[in-house]
Amino acid sequence: MKNLPRICCLALLSLLLVAGTALAHKVNLFAYVEGGTVYTESYFPDGSRVGGGKVQVYDGQDSMLLEGTTDQEGLFSFPVPKIDDLTIVIEAGMGHKNSFRLNRAELEGGR
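In structure tokens:
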């Protein structure tokens, strides 16, 4: 029982270290449709923008429809390529990757 506080502290420290590592590889991606165009915004947890990030767009059958690169503000836009469920993937280098799903109804509503 004497070691219980020490074990608890070590366990808590281990969890904090793992959580910090997980956040280090996180990138945020948001997308919306307006006027027949899909707009994306990508940034890191600290608020800095993903400049030069690789963007790929897939349809509901996982076929790649298009790809491009974010600008220095982390922005990328494209005309709606297909009325289908779309998955947008951002790769920001060094293991930073995330995806965002737009469903068919959102694409139809954003025309």
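FYI, the numbering for the sequence shown is -24 to -1, 1 to 87, going by mature numbering (1 follows the signal peptide of the UniProt record, and there is no 0). Built from N, CA and C at the ideal position, the CB exists for glycine as well.
Query, Result
"Verify whether the separation of the beta carbon atoms of V9 and L78 is less than 9 Å.", "yes"
"Mapping the DSSP letters down to three states, classify G44 as helix, strand or coil.", "strand"
"Please classify G29 as buried or exposed, where buried requires at least 16 other C-beta atoms within 10 Å of its C-beta.", "buried"
"Assuming V26 and Y34 are in contact, meaning their beta carbons sit under 8 Å apart, how far apart are those beta carbons, in whole angstroms?", "V26 to Y34, Cβ: 19 Å. No contact."
"Chain C beta carbons: is any one of them nearer than 9 Å to that of A7?", "Note that chain C does not occur in the displayed structure, where there is just one protein chain."
"Report yes if the CB atom of L62 is closer than 9 Å to the CB atom of G36, and no otherwise.", "yes"
"Determine, using beta carbons only, whether residue 88 and I64 come nearer to each other than 9 Å.", "As shown, the chain starts at -24 and ends at 87. That puts residue 88 outside it, with no answer to give."
"Kindly indicate which residue of N74, D60, Q48 has the alpha-carbon position closest to the one of P21.", "N74"
"Taking the alpha-carbon positions, what's the E17 to F54 distance?", "12 Å"
"Keeping to the same chain, check which residues put their C-beta closer than 7 Å to that of S39; ignore five residues upstream and five downstream.", "none"
"Going straight from the alpha carbon of H72 to that of L41, what length do you get?", "22 Å"
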